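Some notes on the structure that comes next.
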Amino acid sequence: MTDAKTALEASRNLAWIANHWPDLEAALTPGGGNALTGMPRTDSTGIPINIHVSDLMREIDDHARHLCLQLIDETHDITDMPPTPAARLHLAAQRYGHWCAADPTTAHTYTDTAHDYREKTRRVLEKPLAPTYLGPCPTPDCDGELYQRGATTRLTCPACHHETDVTTQRAYLAEQMEERLMTLSEITSALVVAGHPVPHSTVRRWASSRRLRHITDGLYKFTDALTLAEHRAARTA
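Residue numbers (the working numbering): 18 to 254.
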């Protein structure tokens, strides 16, 4: 068992992370690049996704999912897994007494982990976030490019002033990428743009296990990877 002040602080830490989850998603992609290939418009060969942020988000969500599973197993009123990482974090924050009123080891693990993850999240978000590149403007003959700034869902082309939203633009990109072949690094980035971020290590495992079929010369079909990512999201929902 821990004192009330420490317990409440841990709850607030988890809620703070949940409220900033859209900011973490925005931090995944450093911005700039060609969303139709998933690679930047530069000579850089680095992966255009912040692997550190991606791994941190997965680590936090795994922890939140573990806490929610404990509530499902050990309480009578929680029966379903919340559908999103933010919702899982909010539930774990709201039910902080389940852990903080338990034995000292359980209580300290809950409070210490909440503090550690908030600090890691804060350090990531303190870095200035570049706009997220969401591909070329869909308007015919327009050379403009669309960027998402922060958690906004509305997009405006700076060249022709065409307006759209993130969901529509991602659907347009998915259609354009349907037959494209990409490297594993390009696939990792393109999945972020398509709204299904997956750690690069997972993409590599798909390839090594042949779940993601190699087409030719180190290239794979993006839509095959997108299908795997969608199935992965459905399993973990």
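Even glycine gets a Cβ: it sits at the ideal position worked out from N, Cα and C.
Owing to the predicted nature of the structure, the values given are computational and were not obtained by experimental measurement.
query	result
From A43, T122, N30 and D120, residue whose alpha carbon lies closest to that of A81	N30
N- and C-terminal bounds of the beta strand (DSSP E) containing P153	T149 to P153
DSSP-derived helix/strand/coil call for G50	No answer about G50 holds up, because its pLDDT of 45 lies below 50 and its placement is not dependable.
Buried/exposed call for Q186, threshold 16 Cβ in 10 Å	buried
Residue ranges of each beta strand (DSSP E) within the segment 181-233, 3 or longer	231-233
First and last residue of the uninterrupted alpha helix (DSSP H) at Y134	P121 to E143
Whether H213 touches S202 by CB criterion (9 angstroms)	no
Rounded C-alpha distance that separates V215 from Q165	19 angstroms
CA nearest to the CA of T156, picked from T173, D97, R252 and R230	T173
Nearest to T92 (by Cα), restricted to the options L108, T101, D40 and P102	L108
Paired residues, beta bridge with K22 - DSSP	Beta-bridge pairing links K22 to no other residue.
Beta-carbon contacts of L8 that lie in its chain and below 8 angstroms, excluding the five residues immediately before and after	Absent from the structure is residue 8, since the part of the chain shown begins at 18 and ends at 254.
Alpha-carbon spacing of D94 relative to I204, whole angstroms	41 angstroms
Sub-9 angstroms separation of V210 and G152 beta-carbons	yes
Counted within 10 angstroms of its Cβ, other Cβ atoms place A118 as buried (16 or more) or exposed	exposed
Where L86 falls: helix, strand or coil (DSSP)	helix
Chain-order list of residues whose beta-carbon lies under 6 angstroms from that of A24 (same chain, five-residue window excluded)	Y113 and C117
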